[in-house]
Amino acid sequence: MDYKICKKVMASMILLFNESNYLLKDTTEYFLRLFDDHFTISSQIENTNNLGSIPDSTLIRDASSKKIILYTLHFHSLLRWFILIFEMKFIFGDIDAKFNNIL
């Protein structure tokens, strides 16, 4: 289950990063808390089913068509999308650039 949580967090971060140049403090703290809680619980209890979930409606407002596709990709592909968005915004200097249709 660790892999599924990492994929979901990464897909959410890609959508948020594509829309903005940064993550809000509350969102960042939520992601960190999700990992801390999960890995603390996992180290104490094996095979837990109470892993929590990311509230998509809170984190991703208008990206419903994008999130379905992103959540089906492998983590490696998600990482490549994150790098591509980072390069476009920061290396090539188009800080306000967005991919209108990620996939």
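Those letters in the sequence shown? Residues 30 to 132, by this note's numbering.
Note that beta-carbon positions come from the ideal geometry of N, C-alpha and C, so glycine has one too.
Computed from a predicted model, the values in this text were never measured in an experiment.
The beta carbon of residue 58 lies closer than 6 Å to none in the same chain, with the five residues before and after it left out.
Going by beta carbons, residue 111 and residue 46 fall inside the 8 Å limit.
In the three-state DSSP reduction, residue 131 falls in the coil class, being neither helix nor strand.
In this structure, DSSP gives residue 41 a helical state, which the three-state scheme calls helix. In terms of Cβ geometry, residue 36 and residue 107 form a close pair [threshold 8 Å].
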